[in-house]
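Note sheet for the following structure.
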Amino acid sequence: MTARIYRPAKNATQSGMGKTRLWRLEFMPESARSVDPLMGWTSSSDMKSQIKLDFETREEAVAYAERNGLPYRVEEPKEVARRTLSYSDNFRSNRATPWTH
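Take 156 as the starting number for the sequence shown in the working numbering and just add one per residue.
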């Protein structure tokens, strides 16, 4: 029962960064999922895979895991390099490539 501590990635369908500042602690699955032969649904007998805890900082999540004697693994987030562009840059006269429309 290893706990995984990480920061969730940005939702691909949204432009904002909501719910990506928190650190999440969740448990790795202990057993494989099984397929129900009648309905085709996947199920698991591992109840701890449903637990997801959010923390403000990485240190709080690590302290929680150590306080409760949980083995854990910390995954550092990959920071995305973002370029700040303004709309007026599209109409500059000294563009590298001319504006075409």
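We treat Cβ as the ideally placed atom computed from N, Cα and C, and that holds for glycine.
Owing to the predicted nature of the structure, the values given are computational and were not obtained by experimental measurement.
What residues match up with residue i in a beta bridge as DSSP calls it?
{"i": "K207", "result": "E181"}
{"i": "V229", "result": "I160"}
{"i": "T197", "result": "V190"}
Please classify residue i as buried or exposed, where buried requires at least 16 other C-beta atoms within 10 Å of its C-beta.
{"i": "I206", "result": "exposed"}
{"i": "W178", "result": "buried"}
{"i": "A158", "result": "buried"}
{"i": "A251", "result": "exposed"}
{"i": "A167", "result": "exposed"}
Below 7 Å, is the gap between the Cβ of residue i and the nearest heavy atom of the ligand ADP?
{"i": "D209", "result": "Absent from the structure shown: the ligand ADP. Ligands present: none."}
Note the first and the last residue of the continuous alpha helix (DSSP H) segment covering residue i.
{"i": "R222", "result": "213-222"}
Are the beta-carbon atoms belonging to residue i and residue j less than 8 Å from one another?
{"i": "I160", "j": "V229", "result": "yes"}
{"i": "F210", "j": "L180", "result": "yes"}
{"i": "P184", "j": "S204", "result": "yes"}
{"i": "A220", "j": "Y227", "result": "yes"}
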